[in-house]
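Trainee: Have a look at this one.
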Amino acid sequence: MLVAFVLLVFAAVFRSVCSKYPVPTFIEPVMLNVTAIKGEDVEFRCKIDNLGRHMVAFIKADVPPRLIAFDERVFRQRDKYEIRPRVDSNEWVLKIKNVQETDIGAYSCQLNTDPAISRIGHLALKIPPTVARTTASAVEVREGHNVTLRCNAHGSPPPTVIWRRQDRQIIRFNGATGYGASVYNGSELRLTKVSRKHMSEYVCVASNGIPPDESWTVKLHVTFEPIVIPKAKEVSAVPGSLVRLVCNVDAWPRPAFSWTFNGKEIYNSGKYSLEHSVSEKYKTIHILEIKDVGLPQFGTYRCAAKNDNGKHFADIVLREAPAYKLKSVVLSEELRQDAEDDSPSGASSIVVRISSLVAALLLLNF
1 MLVAFVLLVF AAVFRSVCSK YPVPTFIEPV MLNVTAIKGE DVEFRCKIDN
51 LGRHMVAFIK ADVPPRLIAF DERVFRQRDK YEIRPRVDSN EWVLKIKNVQ
101 ETDIGAYSCQ LNTDPAISRI GHLALKIPPT VARTTASAVE VREGHNVTLR
151 CNAHGSPPPT VIWRRQDRQI IRFNGATGYG ASVYNGSELR LTKVSRKHMS
201 EYVCVASNGI PPDESWTVKL HVTFEPIVIP KAKEVSAVPG SLVRLVCNVD
251 AWPRPAFSWT FNGKEIYNSG KYSLEHSVSE KYKTIHILEI KDVGLPQFGT
301 YRCAAKNDNG KHFADIVLRE APAYKLKSVV LSEELRQDAE DDSPSGASSI
351 VVRISSLVAA LLLLNF
């Protein structure tokens, strides 16, 4: 209402006065359109001949229209708009500072003739691409199912989007060994029959020729039940030695893991030491270290893993080394036979045999 009132006054006050002067005309048939990059300052130029005592108004052609300036006065947002009247005697310039999306649209340069005449120019904005922060940064899917990763990018002109894997591996579109490409074009990346090998960080890059490009990373988590694989199903050890039992586990999410012996769970202690490390995103290595192995430690050890998708286990048999058993039996038998001989030569024989057996043991150990 206020704008309409001002325009009516604007026309009425000067109609009678200006009728005595030549009718003004626009020197150029149109007001040039302006295309700018977001944040720049822009200008609309309006050239008029025979302006006389008529007045010039700049109007934002919204619904309803918004009067920005008339004559030499800025009507609103003086920090946003600037008017430069009578540049080179017949040119009026409207300057718009720090243009934003809200400034996009049509602008009218209008004269208070009867009827009013005007010229219209349009402001278009080149906006660097942005990815909406509502875009998911992590997606979880069950192994064997399908999934679509989305990159909601905006800009002017509308940006193009490409996808690639952060680890630079091939993007497999259909299963773990299906056809693929190092780069995919499109805002939506659809993967079918996903496997654990699809688990990675996927990067979408949006570009429209207006720097800077914008990227967004989506982490794809593929969930599956644990698979436990022992490094060796049977391990032999010499009493008194240090033994390491190893189990490799594939699982996502990372599972709860345990070692048991004779149905009892093993914890860190003076006898046992538990370690684990991550070799890849969904792969872990679990190590059970047994110190000073004795007869009570020989037997079957179980490594087990469990997550929300299932559970799995594997057994490792720890045995006494056969070579060590053989050496022990031979030594015991030889000592028994020599002990039955009470002669001085028998005592010498024991010493000789023990020395020989010790030498043999040392050779076997090496």
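Quick note on full-length UniProt numbering: the sequence shown kicks off at 1 and runs consecutively.
Idealized CB from N, CA, C, for every residue including glycine.
1. Enumerate in chain order the residues of its own chain whose CB-to-CB distance from Y179 is below 7 Å, with the five nearest sequence positions on each side excluded.
2. Would you give the residue range spanned by the beta strand (DSSP E) that R190 belongs to?
3. Kindly list the residues whose CB is nearer than 7 Å to the CB of I37, restricted to its own chain and excluding five residues on each side of it in sequence; keep chain order.
4. Would K306 pass as a contact of P230 if the rule is Cβ separation under 8 Å?
5. DSSP state of E43, grouped into three classes?
6. From I162, P226, G310, pick the residue whose C-alpha is nearest to that of T217; which is it?
7. Report the residue from S279, I266, M31, A124 whose alpha carbon sits nearest the alpha carbon of E289.
8. I believe W252 touches H276 by the beta-carbon criterion, under 8 Å. Please report the beta-carbon distance rounded to the nearest angstrom.
9. Which value, in whole angstroms, describes the spacing of the CA atoms of D103 and K281?
10. Buried or exposed: L111, going by 16 or more other Cβ atoms within 10 Å of its Cβ?
11. Please state whether DSSP places K311 in a helix, a strand or coil.
12. Report the three-state DSSP secondary structure of K38 (helix, strand or coil).
13. When the Cα of N248 is compared with those of G240, P226, T260, S241, which residue comes out closest?
14. Could you tell me whether the Cβ atoms of V93 and E40 are closer together than 8 Å?
15. Starting from E275, trace the beta strand (DSSP E) both ways and give me its first and last residue.
16. State the Cα-Cα distance for the pair T300 and S279, rounded to the nearest angstrom.
17. Along the chain, where does the beta strand (DSSP E) that runs through D250 open and close?
18. Just how far apart, CA to CA, sit K283 and F224?
19. How many angstroms separate the CA atom of R45 from the CA atom of G52?
Mentor: A quick look at the data gives this:
1. Answer for Y179: F173, listed in chain order.
2. Per DSSP, the unbroken beta strand (DSSP E) holding R190 starts and ends at 188-191.
3. Correct list, in chain order: K126, I210.
4. No, the pair does not count as a contact, with Cβ atoms beyond the cut-off.
5. Correct three-state label for E43: strand.
6. Ranking the options by Cα distance to T217, first place goes to I162.
7. Of all alpha-carbon atoms in S279, I266, M31, A124, the one lying nearest the alpha-carbon of E289 is that of I266.
8. Actually they are not in contact, since the Cβ atoms of W252 and H276 sit about 15 Å apart, beyond 8 Å.
9. Distance between the alpha carbons of D103 and K281 is about 48 Å.
10. Answer is buried; the Cβ neighbour count reaches 16.
11. Three-state result, K311: strand.
12. K38: coil per DSSP, three-state reduction.
13. Comparing Cα-Cα distances from N248 to each of G240, P226, T260, S241, the minimum goes to P226.
14. No. Outside cutoff.
15. Unbroken beta strand (DSSP E) run through E275: 272-280.
16. Spanning the two alpha carbons is a distance of roughly 26 Å.
17. Counting along the chain, the beta strand (DSSP E) containing D250 begins and ends at 243-252.
18. Approximately 12 Å between the Cα atoms of the pair.
19. About 18 Å.
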